[in-house]
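Numbering that gives the first Met the number 0 numbers the first residue of the sequence shown as 0 and each following residue consecutively.
Glycine residues also receive a C-beta, built at the ideal position from the N, C-alpha and C atoms.
On a predicted model such as this, the values are computed, not experimentally measured, just so you know.
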Amino acid sequence: MFLKLKSAILKKFPMLRSLKTYIFIIMLFIGIVPSMILRVGIMETYEDRAVAVRKSDVQTQFRIIANHLLLYNYLQDPSSEIINAELEQMSNLYDGRVLVINGNFRIVKDTYGISEGKTVITEEVIRSFKGENVSKYDPENSYIEIAIPIMDTIEQDSSSGKVTGVILASVSAESITQTIDILNRQALILEIVMAILIFGIVILLSHLLLKPFQKVTQAINEVKDGFTDEPVSVPDYLETEHIVEAFNQLISRMKVIDDSRQEFVSNVSHELKTPMTSIKILADSLMQQPDAPKELYQEFMQDITQEIERENKIITDLLSLVKMDKTEAQMNIASVDMNELLENILKRLRPIARKRDVEVVFESIRPVSAEVDDVKISQAFTNLVENAIKYNKEHGWVKVLLDADHQFFTVEISDSGIGIPEEDYEHIFERFYRVDKSHSREIGGTGLGLAITRKAILLHRGSIKVSSVEGEGTCFTVKIPLTYIR
Ligand code: ADP
Numbered sequence: 000m001f002l003k004l005k006s007a008i009l010k011k012f013p014m015l016r017s018l019k020t021y022i023f024i025i026m027l028f029i030g031i032v033p034s035m036i037l038r039v040g041i042m043e044t045y046e047d048r049a050v051a052v053r054k055s056d057v058q059t060q061f062r063i064i065a066n067h068l069l070l071y072n073y074l075q076d077p078s079s080e081i082i083n084a085e086l087e088q089m090s091n092l093y094d095g096r097v098l099v100i101n102g103n104f105r106i107v108k109d110t111y112g113i114s115e116g117k118t119v120i121t122e123e124v125i126r127s128f129k130g131e132n133v134s135k136y137d138p139e140n141s142y143i144e145i146a147i148p149i150m151d152t153i154e155q156d157s158s159s160g161k162v163t164g165v166i167l168a169s170v171s172a173e174s175i176t177q178t179i180d181i182l183n184r185q186a187l188i189l190e191i192v193m194a195i196l197i198f199g200i201v202i203l204l205s206h207l208l209l210k211p212f213q214k215v216t217q218a219i220n221e222v223k224d225g226f227t228d229e230p231v232s233v234p235d236y237l238e239t240e241h242i243v244e245a246f247n248q249l250i251s252r253m254k255v256i257d258d259s260r261q262e263f264v265s266n267v268s269h270e271l272k273t274p275m276t277s278i279k280i281l282a283d284s285l286m287q288q289p290d291a292p293k294e295l296y297q298e299f300m301q302d303i304t305q306e307i308e309r310e311n312k313i314i315t316d317l318l319s320l321v322k323m324d325k326t327e328a329q330m331n332i333a334s335v336d337m338n339e340l341l342e343n344i345l346k347r348l349r350p351i352a353r354k355r356d357v358e359v360v361f362e363s364i365r366p367v368s369a370e371v372d373d374v375k376i377s378q379a380f381t382n383l384v385e386n387a388i389k390y391n392k393e394h395g396w397v398k399v400l401l402d403a404d405h406q407f408f409t410v411e412i413s414d415s416g417i418g419i420p421e422e423d424y425e426h427i428f429e430r431f432y433r434v435d436k437s438h439s440r441e442i443g444g445t446g447l448g449l450a451i452t453r454k455a456i457l458l459h460r461g462s463i464k465v466s467s468v469e470g471e472g473t474c475f476t477v478k479i480p481l482t483y484i485r
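Rendered as C-alpha cells:
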C-alpha cells in the first residue's frame with residue numbers, strides 16, 4: 000500500500016527522484032534545522048531569564064513597601080496618603096494592579112479601586128500567608144503574579160515573624176513577550192535569507208557535482224547514436240569511472256556478439272551457396288550438351304540430387320541449432336530409459352556403419368533412467384556416434400559406454416578413427432568448423448553437428464569433453480545430471 004503510494008507520487012512528480020532534489024533537501028536540513036533549534040533554545044532561555052529578573056525586581060520593591068506598610072500600620076488604617084501614593088506609583092511603574100490583603104483575607108487596598116472590602120482566598124494568597132514568596136508567570140496573557148507576605152517584624156525574616164497580610168501584585172510581562180516577538184521575527188527573516196542562499200548554493204553545487212554524470216550520459220548517447228566507437232572515459236569520480244567501465248565492457252561484449260553473428264551469417268550464406276553453385280554447374284554443363292548420352296544425364300542428376308540433399312541437411316541442422324538457441328521453456332523433460340534410447344540410436348546407425356565396415360558396440364554398466372528431453376538428447380548422441388562412424392577407418396570400431404553414479408550419467412563414445420589434432424579441440428564445437436573441410440564435405444558433414452550436440456548437452460546442464468590421439472582414435476565423454484535442474 001505504502002509502496003504503491005510512493006511509486007504513484009514519484010511518477011507524478013519525477014523531480015522527487017532527482018539527485019538535485021535530494022542534495023537540496025539535505026542542505027536545507029543541515030542549514031536551517033540547527034539554526035531553528037538554536038533559535039527556540041535561545042528564546043526559551045531569554046524568556047526564563049527575563050521573567051526571573053522581573054520577578055526578583057518586583058519582589059524587592061514590594062518587600063520595601065511591605066516594611067512601609069507595617070511602619071504606617073496600613074493594614075489597620077489604609078488611609079495613609081504616602082503609602083497609597085507609593086502603591087499607585089508601583090502599579091503604574093509595572094503597568095499592573097496591586098492588592099493589599101489583611102489577616103482576614105480582606106482586600107484593604109486595590110490600585111484599580113474595584114475590589115476593596117472583598118475577600119480573596121486563592122492558593123497563592125494562602126501559601127503567602129504561610130510565609131512563602133509566591134510567583135506565577137502566565138505567558139499567554141503576558142503577566143506575572145507575585146504574592147509577598149507582610150511580616151510583623153521589620154527584618155523580613157520569614158522564619159521568625161508572623162504573616163499579618165499579603166501584597167498581591169499582577170505586573171505586565173508585555174515588554175518580555177514583545178522582545179521575544181521581535182527576536183523571533185528577525186530570526187525568521189534570517190532563516191528565509193539563509194534558505195534563499197542555500198537554494199542558490201545548492202543549484203550551483205548540484206550543477207558542479209552532477210556535471211560528470213551528465214558527461215557520462217552525453218558520452219553514452221554519442222556511442223548509442225553512432226558518432227563514435229571509442230571507449231567512453233569520464234574519470235572525474237570513481238563512481239563515473241565504474242559506470243563507464245561497465246558500459247565499455249557491455250559495448251565490447253556486444254561487438255563480439257555482433258562479430259560472431261556477422262560471421263555466422265556469412266558462413267551460412269557461403270555454406271548454402273556451395274551446393275547451389277554445384278547444382279548450377281552440373282545443370283549448365285548438361286544444357287550445353289543437348290546430345291549427351293542418357294548415362295551422363297543420370298550421373299549428373301544423381302550428383303544434383305546429392306547436392307540438394309546436402310542443402311536440405313544444412314537447412315535442417317541450422318533449424319535445429321536456432322531452435323536450441325531459443326529459451327529453455329521449450330524443453331520437453333520426461334524420465335527416459337537411457338539404455339533403450341542409446342540402443343535405438345545405434346540400431347538406426349548400424350546400416351551406415353556396416354556400409355563403412357565399422358563395428359558398433361554398446362556396453363552398459365547399469366540400467367539408467369534420467370530426466371531429459373529425449374528428442375534433443377537423441378540428436379546429440381546421434382551426431383556423436385555418426386561422427387565416430389564417419390571419421391573412422393576401414394575395419395574400425397565404435398564403442399558406446401553408458402554408466403551412472405547417484406547424480407550423473409556418463410556416455411563415452413570412442414572410436415578407432417582418424418583422431419583430432421589437440422589445437423582443434425576447442426574449435427570443433429564452433430558452428431561450421433571442420434578440421435578437414437574437404438574431407439568433411441566429402442562424407443556429407445555440415446560442420447554444425449557438434450555445435451548442436453554441445454548446445455543440447457548444455458541445455459541439460461551437462462558437459463562434454465574430448466580426448467584424441469591423431470591416427471588412433473577419439474573419445475567424447477558426456478556427463479549429464481540424472482535429475483533435470485531448472
Ligand atoms: P561435421 O558435419 O563436419 O561432421 P561436426 O560439427 O559434427 O561437423 O564436427 C566438426 C569437425 O570435428 C568435423 O568436421 C571433424 O573434422 C571433427 N570431428 C568430429 N568428430 C570426430 C571424430 N569422432 N573423429 C575425428 N574427427 C571428428
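Legend entry - lysine 464 CB to nearest heavy atom of the ligand ADP below 8 Å: no
Inset, instruction - Could you name each continuous beta strand (DSSP E) segment of 3 residues or more that falls completely within the stretch 403-427, going from the start of the chain to the end? - result: 407-414
Legend entry - Exposure label - arginine 453; buried when at least 16 CB within 10 Å: buried
Legend entry - Simplified DSSP assignment, three categories, for methionine 0: coil
Legend entry - Helix, strand or coil at isoleucine 250 [DSSP, three-state]: helix
Legend entry - 7 Å Cβ shell around phenylalanine 263 - same chain, five flanking residues per side excluded: Arg430
Inset, instruction - Could you please give me the residues that DSSP links to threonine 476 through a beta bridge? - result: Glu411 and Lys464
Legend entry - Distance between alanine 369 and serine 334 (C-alpha atoms, nearest Å): 5 Å
Inset, instruction - Pick helix, strand or coil for valine 506, following the three-state DSSP scheme. - result: For residue 506 there is no data in the structure shown, the boundaries of the chain being 0 and 485.
Inset, instruction - Specify whether the stretch 10-24 and the stretch 194-206 touch according to this definition: at least 3 beta carbon pairs, one from each stretch, less than 8 Å apart. - result: yes
Legend entry - DSSP state of isoleucine 22 mapped onto helix, strand, coil: helix
Inset, instruction - Please list, following the chain, all residues that have a C-beta closer than 5 Å to any non-hydrogen atom of the ligand ADP. - result: Asn386, Ala387, Tyr390, Gly416, Ile419, Ile427, Arg433, Val434, Ser439, Gly444, Thr445, Gly446, Gly448, Leu449 and Thr473
Inset, instruction - Assign isoleucine 195 to one of two classes, buried (16 or more other C-beta atoms within 10 Å of its C-beta) or exposed (fewer than that). - result: exposed
Inset, instruction - Put asparagine 101 into one of helix, strand or coil per three-state DSSP. - result: strand
Inset, instruction - Verify whether the separation of the beta carbon atoms of glycine 95 and valine 170 is less than 9 Å. - result: yes
Inset, instruction - Measure from the alpha carbon of glycine 444 to the alpha carbon of each residue in Gln378, Ile313 and Gly418, then state which is nearest. - result: Ile313
Inset, instruction - State the beta-bridge partners of lysine 108 as determined by DSSP. - result: Val99
Legend entry - Per-residue DSSP class, three states only, for proline 366: coil
Inset, instruction - Give the straight-line distance between the Cα atoms of glutamate 358 and glutamate 385, rounded to the nearest whole angstrom. - result: 12 Å
Legend entry - Buried or exposed (CB count within 10 angstroms, at least 16 for buried), arginine 53: buried
Inset, instruction - Decide if the stretch 183-201 is in contact with the stretch 34-47; the criterion is three or more beta carbon pairs, one per stretch, under 8 Å apart. - result: yes
Legend entry - Cα-Cα separation between serine 437 and threonine 304, rounded to whole angstroms: 19 Å
Inset, instruction - Put valine 133 into one of helix, strand or coil per three-state DSSP. - result: strand
Legend entry - Where methionine 150 sits in the DSSP three-state scheme: strand
Legend entry - Nearest neighbour of alanine 352, chosen from Leu340, His394 and Asn331 [CA to CA]: His394
Inset, instruction - My understanding is that phenylalanine 104 touches valine 124, with C-beta atoms under 8 Å, so please give their C-beta distance in whole angstroms. - result: 7 Å
Legend entry - Neighbourhood of leucine 383 by C-beta, 7 Å cutoff - its chain only, sequence neighbours within 5 removed: Ile412, Thr452 and Phe475
Legend entry - Rounded separation between valine 201 and lysine 325 - CA only: 51 Å
Inset, instruction - May I ask you to report which of helix, strand or coil DSSP gives glutamate 144? - result: strand
Inset, instruction - Whole angstroms is fine: what's the gap from lysine 375's alpha carbon to alanine 245's? - result: 36 Å
Legend entry - Proximity below 9 Å, CB of valine 107 to CB of phenylalanine 128: no
Inset, instruction - Within the same chain, show all residues whose beta-carbon is closer than 6 Å to that of asparagine 331, passing over the 5 residues directly before and after it, in chain order. - result: Asp372
Legend entry - Backbone secondary structure at threonine 118 - three-state DSSP: strand
Legend entry - Any 3 or more C-beta pairs closer than 8 Å across the stretch 62-70 and the stretch 136-155: yes
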